[in-house]
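Single-structure report; data block below.
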Amino acid sequence: MANTTDVMAKSVHGTNPQNMVEYIIRQKIYDSVYWKAECFGLTAELLVDKGTVLRYAGGMYGEPQRPSEFLCLILKMLQIQPDKDIIVEFIKDDAFKYLRLLGAFYMRLVGRPVDVYQYLEPLYNDFRKVRVRESKGAFALSYVDQVVDDMLTRDYCFDIALPRLPARKVLEEAGQLQPRVSVLDEEFDEQALAEEQAEAAAAATSAAAALKLQESAALETATPTEPAAPADASRGGAEAAGLDAEVAEANALRASLGLKPLA
Numbered sequence: 001m002a003n004t005t006d007v008m009a010k011s012v013h014g015t016n017p018q019n020m021v022e023y024i025i026r027q028k029i030y031d032s033v034y035w036k037a038e039c040f041g042l043t044a045e046l047l048v049d050k051g052t053v054l055r056y057a058g059g060m061y062g063e064p065q066r067p068s069e070f071l072c073l074i075l076k077m078l079q080i081q082p083d084k085d086i087i088v089e090f091i092k093d094d095a096f097k098y099l100r101l102l103g104a105f106y107m108r109l110v111g112r113p114v115d116v117y118q119y120l121e122p123l124y125n126d127f128r129k130v131r132v133r134e135s136k137g138a139f140a141l142s143y144v145d146q147v148v149d150d151m152l153t154r155d156y157c158f159d160i161a162l163p164r165l166p167a168r169k170v171l172e173e174a175g176q177l178q179p180r181v182s183v184l185d186e187e188f189d190e191q192a193l194a195e196e197q198a199e200a201a202a203a204a205t206s207a208a209a210a211l212k213l214q215e216s217a218a219l220e221t222a223t224p225t226e227p228a229a230p231a232d233a234s235r236g237g238a239e240a241a242g243l244d245a246e247v248a249e250a251n252a253l254r255a256s257l258g259l260k261p262l263a
């Protein structure tokens with residue numbers, strides 16, 4: 001009875017939810033110590049506590065192959081079929097990254113294609129490091145967004161065959177999904193807006209400087225200047241000055257000769 005699917009659970013992709021996990025792997029999970037000790041009588045509420053203490057994600061590992069705690073909890077979720085709202089809260093919880101991956105992987109297994117894209121694609125913005133246990137038992141370093149990308153693009157993940165997922169473009173053309181806008185696109189838009197604002201500010205500064213120059217030129221043109229002396233008066237003064245100089249020179253010469261100066 002401990003290994004049977006909840007009688008209230010609905011079929012997934014036309015079959016018993018637990019059949020999403022291959023038979024041999026299911027049997028190994030049923031025989032594992034973690035399943036018997038930690039997953040017996042587990043409810044959706046208690047499942048949260050188990051998910052928050054996970055320290056890595058993974059499928060089968062070691063020799064002989066043993067199920068990871070992550071995989072055991074996935075099978076338990078398939079068995080009790082938690083409400084969709086609970087799974088969505090798992091995915092949206094950014095405090096526990098392995099709990100988030102647990103909810104995301106379950107959604108990938110049982111969710112409709114539209115829901116899969118809608119709830120998993122935002123996790124592309126989660127760049128936190130995670131540990132993934134490989135089939136040989138060693139740990140590998142990965143990232144939340146990379147693990148989610150594997151869920152969306154690969155046929156197998158954590159030793160479970162993933163349901164076929166239509167291409168995003170197909171759902172967009174059918175009007176079921178809106179085009180995805182990445183964080184990079186938003187950053188480019190913000191950068192372009194900032195450049196436009198800088199150009200507008202520079203143009204406004206240039207226009208203000210040009211207007212100021214025009215005002216200064218207008219003020220200089222409007223300032224009154226002293227009238228210039230008539231040309232004839234200037235010429236007469238110059239001629240008189242020249243005549244006086246000639247008379248002075250002649251008188252000096254006459255004085256040296258003992259003659260009377262000119263009048």
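Here the sequence shown is numbered in the UniProt record's numbering, starting from 1 and rising by one per residue.
By construction, the Cβ of each residue, glycine as well, lies at the ideal position given by its N, Cα and C atoms.
Quantities reported herein were computed from a predicted structural model and do not represent experimental measurements.
Annotation: the continuous beta strand (DSSP E) that includes VAL130 extends over 129-133.
DSSP places ALA174 outside any beta strand (DSSP E), giving it a letter other than H or E. Counting other Cβ atoms within 10 Å of its Cβ, GLU69 reaches 16 or more and is therefore classed as buried. About 7 Å separates the CB atoms of MET20 and ILE160; that is less than 8 Å, so the two are in contact. Beta bridge pairing from DSSP links PRO67 with MET60.
Ranked by how close their Cα comes to the Cα of SER11, the residues CYS157, LEU109, VAL48 and ASP49 have LEU109 in first place.
The three-state reading of DSSP puts LEU141 in strand, counting E and B together. Residue pairing for ALA161: DSSP places it in a beta bridge opposite TYR156. Non-local C-beta neighbours of GLU134 in its own chain, meaning closer than 7 Å and more than five positions away in sequence, comprise TYR61 and ALA140, ordered along the chain.
DSSP places VAL48 within a helical segment (H, G or I) once states are collapsed to three.
In the structure shown, THR5 adopts coil according to DSSP, grouped into three states. Closest by C-alpha distance to GLY58, out of LEU211, ALA210 and ARG131, is ARG131. In this structure, DSSP gives VAL12 an extended state, which the three-state scheme calls strand. Look at the beta carbons and you see the segment 77-95 touching the segment 33-48: at least three pairs across the two are nearer than 8 Å. Look at GLY103 here: in three-state DSSP terms it is helix. Under the three-pair Cβ rule at 8 Å, the segment 121-131 does not count as touching the segment 190-201.
GLY51 is a Cβ neighbour of PHE96, given a cutoff of 9 Å. The residue from GLN214, ALA218 and VAL114 with its alpha-carbon nearest to that of GLU173 is VAL114. Taken through DSSP and simplified to helix, strand or coil, THR43 comes out as coil. Rounded to whole angstroms, the Cβ separation of LYS28 and PRO67 is 6 Å, and the two are in contact under 8 Å. Secondary structure at LYS36: helix, using DSSP grouped into helix, strand and coil.
Across the set ARG112, ALA204, GLU215 and ALA210, the C-alpha of ARG112 shows the shortest separation from the C-alpha of ALA167.
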